[in-house]
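No gaps in the numbering here: position 241 of the sequence shown is 262 in this note's numbering, and each next residue is one more.
By construction, the Cβ of each residue, glycine as well, lies at the ideal position given by its N, Cα and C atoms.
Given the structure is predicted, the values throughout are model-derived calculations rather than measurements.
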Amino acid sequence: MESINGADTVWVLISTAMVVLMTPALGLFYGGLVRAKNALNTLLHSLFLLGAISLQWVLVGYSLAFAPDLGFGLIGGGDYFGLSGVGAEPNTTYAATIPHTAFMAFQMAFAIITPALISGAFAERKKFSAFVLFSLLWATFVYDPVAHWVWASGGWMRELGALDFAGGTVVHITSGVSALVCARVLGRRSNMDRAEPHNAVLTLVGAALLWFGWFGFNAGSALGANALAAHAAMTTHISAAAGAVAWVSAHWLRTKKVSVLGVGLGGVAGLVAITPAAGFVSPMSAMMLGLVAGVACSVAVEKLKGVVDDTLDVFGVHGVGGLIGALGTGVLASTAVNPAGADASLHLLGVQAVAAGGAALYSAVMTYAILKLVGLVADLRVSATVEAEGLDAAQHGESAYRF
């Protein structure tokens, strides 16, 4: 236990708490964007997964993601089922200066928020029982394997040389692509002409908390209180700032209106784009990623509205932003920032493209299969009557507001 560093441990524990806070923050962010009659149901998606995915991670998820590889770099074994062997001693394979339990908990926070991100695609129409079953299956058969591929010792994408500092591929590409598949399978909402955000203030509060928590998301991924953590915190904020400015500017050029919600959406787009690159690129590169993501995600959201009912623009922000970040890492990475990374090159760009494409294809196929499986045992959508009444009253017997 002499190798444990107190400052590193404290920083990772604080970062863990910050990332855990991001899931209820996401609930607020999403909750304000839906109609008032569905606000509680939308919040519940995030809040319930704080419990459900935590239990899944303890029982099987952490082991599938980070236990020694079973072969071919595809999945971890059962060494850590029920947190067997996960204690105070460091896991020197991943984090030599903090307790194994701290590393496990930090990774758990990522596992929780990823399926919660997907919930924005089917808000206002998915049956809660189907949501729970889908989320548990998706975490087990999509998130855990992809986390192993990218981050675990022996994972095939890691061995290939793919870079993903804090989850651009593992979190955002998987959730964004899966969200698009969910939106297509479930179909469009009824009465879409009245589907306006009911509380922009709630969404902006959620965005502010997400921005705050993202410092733990990215800087915490340095797994220590060190210079790399400070650098990742700086690039995180710069990209978010650039994303917010770019989104608002792009929206103004199209509509001549200054979008208040665009500040929150653009900030999140910038945060998504910098996530895989935070510990590998310079501050100016971070600004470039944020600017590109702010514009590209804004355009993607507008273009997709007439094609698919991705309720809260999960693919437009997280799928597109994650892809920009993954490929941008291949174009902008520098070993001057992080010797453990790589320098930008055509080879690295190709590796990043293979990793992003592989994760996207796997997520799409598995999400479709899981939805079809869940549909065999439960209705995916609520009835037209329940949708018209609102999910809060019909499914939960509660209301977000009392007038």
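For ALA414, three-class secondary structure by DSSP: Position 393 of the sequence shown holds residue 414. Helix.
DSSP-derived helix/strand/coil call for LYS147: Taking the sequence shown and counting its residues from 1, one reaches residue 147 at position 126. Correct three-state label for LYS147: strand.
Supposed close pair ALA314, ALA290 - CB separation, criterion 8 Å: Mapped onto the sequence shown, residue 314 falls at position 293. Mapped onto the sequence shown, residue 290 falls at position 269. ALA314 to ALA290, Cβ: 5 Å. Contact.
Buried or exposed (CB count within 10 angstroms, at least 16 for buried), PHE432: Residue 432 falls outside the range modelled here, since the chain spans only 22 to 424, and no answer is possible.
Inter-residue Cα distance where the pair is LYS278 and MET309: Translated into the one-based positions of the sequence shown, residue 278 becomes position 257. Translated into the one-based positions of the sequence shown, residue 309 becomes position 288. Each residue's Cα considered, the two are about 24 Å apart.
Proximity to ALA126 [Cα-Cα], best of ALA251, PRO166, PRO297, VAL107: By one-based count along the sequence shown, residue 126 stands at place 105. Measuring from the Cα of ALA126, the nearest candidate turns out to be VAL107.
Cut-off 6 Å between Cβ atoms - residues of its own chain near ALA321, not counting five sequence neighbours on either side: Here residue 321 is taken as the residue at index 300 of the sequence shown, counted from 1. Within the same chain, ALA321 has close Cβ partners GLY337, VAL341.
Burial state of THR30, where buried means 16 or more other Cβ atoms lie within 10 Å: As a working mapping, residue 30 is identified with position 9 in the sequence shown. THR30 comes out buried.
Minimum C-alpha distance to LEU394 - residue among GLU408, PRO89, LEU157: Position 373 of the sequence shown holds residue 394. Residue LEU157 is the option with its Cα nearest to LEU394.
Per-residue burial, PHE236 [other beta carbons within 10 Å of its own, 16 or more giving buried]: In the sequence shown, the residue the question calls residue 236 occupies position 215. PHE236 should be labelled buried.
Through-space distance from ALA363 to ALA79, alpha-carbon basis: If you number the sequence shown from 1, residue 79 lands on position 58. If you number the sequence shown from 1, residue 363 lands on position 342. Per the sequence shown, the amino acid found at residue 79 is Val instead of Ala. Each residue's Cα considered, the two are about 33 Å apart.
C-beta atoms of VAL198 and ALA381 nearer than 8 Å: Indexing the sequence shown from 1 puts residue 198 at position 177. Indexing the sequence shown from 1 puts residue 381 at position 360. Contact: yes.
Cutoff 6 Å; reference LEU42; Cβ partners in own chain excluding five residues on either side: Residue numbering aside, residue 42 sits at position 21 when the sequence shown is read from its first letter. So the list reads GLY234, once near-sequence residues are dropped.
GLY97 - partner residues in DSSP beta bridges: For the purposes of this step, residue 97 is taken as residue 76 along the sequence shown, with counting starting at 1. Paired residues: ASP90.
Proximity winner among ALA57, ALA132, PHE152, MET39, relative to VAL398 (alpha-carbon distances): Translated into positions along the sequence shown, residue 398 becomes position 377. Measuring from the Cα of VAL398, the nearest candidate turns out to be PHE152.
Simplified DSSP state of ASN59, which is helix, strand or coil: The residue you call residue 59 lines up with position 38 of the sequence shown. Three-state result, ASN59: helix.
Three-state class that DSSP yields for ALA16 in the structure shown: Beyond the ends of the chain as shown, which are 22 and 424, falls residue 16; an answer cannot be given.
Coarse secondary structure for ALA390, derived from DSSP in three states: Counting from one through the sequence shown, the residue named residue 390 turns up at place 369. It is helical.
Alpha carbon of ALA261 to alpha carbon of PHE149, nearest angstrom: As a first step, residue 261 is located in the sequence shown; it is residue number 240 there, counting from the start. As a first step, residue 149 is located in the sequence shown; it is residue number 128 there, counting from the start. Near 33 Å, if we compare the C-alpha coordinates of PHE149 and ALA261.
8 Å CB neighbourhood of ALA221 in its chain, flanking five on each side removed: Here residue 221 refers to the residue found at position 200 when the sequence shown is read from its first residue. Excluding positions up to five away in sequence, the list reads GLY53, VAL281, LEU282.
Assigned exposure category for ALA349 - 16 Cβ within 10 Å defines buried: One-based indexing of the sequence shown puts residue 349 at position 328. This sequence places Gly at residue 349; Ala is not what is there. When all chains shown are included, GLY349 counts as buried.
Integer Cβ distance of SER319 from HIS272, believed to fall under 8 Å: Reading the sequence shown from its first residue, position 298 is the one you call residue 319. Reading the sequence shown from its first residue, position 251 is the one you call residue 272. Contact holds; Cβ gap of about 6 Å.
Status (buried if at least 16 other CB within 10 Å, exposed otherwise) for PHE124: Position 103 of the sequence shown, counted from the start, is the residue given in the question as residue 124. The residue in question, PHE124, is buried, as its Cβ has 16 or more Cβ neighbours within 10 Å.
Pairwise C-alpha distance: ALA144 and ALA21: Nothing can be reported for residue 21: it is not among the residues displayed for the chain, which extend from 22 to 424.
Sub-8 Å separation of VAL269 and GLY287 beta-carbons: For this step, residue 269 is matched to residue 248 along the sequence shown. For this step, residue 287 is matched to residue 266 along the sequence shown. Cβ atoms of VAL269 and GLY287: closer than 8 Å.
Beta bridge counterpart(s) of ASN212 as assigned by DSSP: Counted from its first residue, the sequence shown places residue 212 at position 191. ASN212 is not bridged to any residue.
Given ALA459 as reference, the closest of MET178, ARG179, GLY264 once Cα atoms are compared: For the chain, the structure presents residues 22 to 424; residue 459 sits outside this window and is missing.
is_contact[TRP78, chain C] using C-beta, thresh 8 Å: In the structure shown, chain C does not exist; there is a single protein chain.
Pairwise C-alpha distance: ALA109 and MET22: Along the sequence shown, read from residue 1 onward, the residue named residue 22 stands at position 1. Along the sequence shown, read from residue 1 onward, the residue named residue 109 stands at position 88. The predicted model places MET22 with a pLDDT of 48, which falls under 50 and marks its position as unreliable; any figure quoted below should be read in that light. Cα-Cα distance, rounded: 8 Å.
Boundaries (first-last residue) of the alpha helix (DSSP H) holding TYR51: As a first step, residue 51 must be located in the sequence shown, where it is residue number 30. Start and end: 27-52.
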